[in-house]
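First residue of the sequence shown? That's 32 in the numbering used here, and the numbers climb one at a time after it. See structure below.
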Amino acid sequence: MTSTSTAAPGSPSTNSEAKRNGLAGAIAFVLVGVLVVAGVGFGLHKLSADPQKPLYATLATDTVTVNGENLHKASVTMGVYPDQASAAEHGSKANAKDWVQYGPSSHLVLPQHTLVTMTLHVYDSGEKLNNAFFGKVIGTVGGTITVDGKDVSSVPADEVQHTFTLHGLPTSSQDPLFVNVPLLRVTTDDKDNFLPTKDPATDFKGHTIVFSFVTGGKGEYVWNCEYPCGDGTYQKFGAVMGAVGYMTGKVTVA
Ligand SMILES: [Cu+2]
C-alpha cells in the first residue's frame, strides 16, 4: 500500500498542527507577559499605597491676613516617637515596625492657599545632623518655630532628633513649597535614658514644636526627615529613613 500525503478528512495535517502549536505558544507568551506586567503594577501600587489613613488638616472658621493676603486657617497635630511603645503611650496608633516613627499618619492632606499651623509633639533623642543646613528653620511664617513656647530660627546641629522637611520636585505645573523644621532632641543621660523636659504638653517627656506655613495651589509633595536616623546602611540614611509611615511620607495640597 502506498502512503498518501493527503490527510484523511478530520485529521489535521502536520503543517496546521505546527501552526496551531505556534499560536498556542504565542498566546501563552502574551498571557505570561500580561501577568508579569499586572504583577509588577500591583506590587508597585501596594508599595506606594498609604500604610495609614491620610491625616486631614482641620479647617478653622476664621481667616487671617498674612503678607496682605486674607487666608483661611487650618491646623494639624502629629507626634514623633522613638518606638512603638512611645507612640502607644502618647495616644498614636503604633506602626508595624518598632522603629522611630511619625504618627498618626505620614500622608497629610492640607487645604490650598491656607495658613497651616502644625503642632509636633516630639519624644526622641538624637545625635548630630550630617548637614548643619537642616538645623535652620526655612519656609515658615516669620522664619521661626516655637519650641516649648519659645521662638527660635534654628536648632544646633547636635541637638536635633529629626527634621520635618517638606518639598516637591521643581515643576511649572504646581506651586513651590519648601519647609524645613529641625526638631529639638530630648536629652539623655550617659546611659541613654531620656531626661525629663520642661514641657507639660508632653507630660515632661518631649518637646512641643509649633510652626505655620502658607500653602499654594493644589499639588503633590513629599516630606522626609534629614537627620540620619536609619540603621547602619547608607550612612544611616537606610531602613527607616526611606520607609513610608516612619520617616518619610506624602503631602497632598487639595
Ligand atoms: Cu528621623
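Each residue gets a CB set at the ideal place from its N, CA and C atoms; glycine is no exception.
Beta-carbon proximity check, residue i vs residue j, cutoff 7 Å
| i | j | result |
| --- | --- | --- |
| Tyr-252 | Val-282 | yes |
| Pro-82 | Gly-276 | yes |
| Asp-179 | Gly-248 | no |
| Ser-136 | Leu-86 | yes |
| Phe-209 | Gly-170 | yes |
| Thr-233 | Pro-213 | no |
| Leu-215 | Val-186 | yes |
| Val-172 | Ser-243 | yes |
| Leu-160 | Val-191 | yes |
| Leu-146 | Met-109 | no |
| Trp-254 | Gly-280 | yes |
heavy atom of ligand 1 below 6 Å from residue i C-beta
| i | result |
| --- | --- |
| Tyr-258 | yes |
| His-193 | yes |
| Met-278 | yes |
Residue i burial status per 10 Å Cβ neighbour count (16 or more: buried)
| i | result |
| --- | --- |
| Thr-35 | Any reading at Thr-35 must be qualified, since the residue scores a pLDDT of 49, below 50, and its modelled position is unreliable; no value is offered. |
| Pro-227 | exposed |
| Gln-266 | exposed |
| Leu-197 | buried |
| Val-111 | buried |
| Lys-104 | buried |
| Phe-268 | buried |
| Ile-176 | buried |
| Ala-38 | Here Ala-38 scores only 49 on pLDDT, less than 50, and its place in the model is too uncertain to base an answer on. |
| Met-278 | buried |
Distance cut-off 6 Å: residue i Cβ against heavy atoms of ligand 2
| i | result |
| --- | --- |
| Met-109 | Absent from the structure shown: ligand 2. Ligands present: ligand 1. |
Extent of the continuous alpha helix (DSSP H) run through residue i
| i | result |
| --- | --- |
| Gln-115 | 115-120 |
The beta strand (DSSP E) enclosing residue i, as first and last residue numbers
| i | result |
| --- | --- |
| Gly-110 | 100-112 |
| Glu-251 | 250-255 |
| Ser-243 | 238-245 |
| Phe-225 | First-last for Phe-225: undefined, no H or E at that position. |
| Met-278 | Where Met-278 is concerned, there is no enclosing beta strand (DSSP E), given that its DSSP letter is neither H nor E. |
| Pro-213 | 210-215 |
Short CB-CB distance (under 7 Å) between residue i and chain E
| i | result |
| --- | --- |
| Val-95 | The chain inventory of the structure shown lacks chain E, comprising one protein chain alone. |
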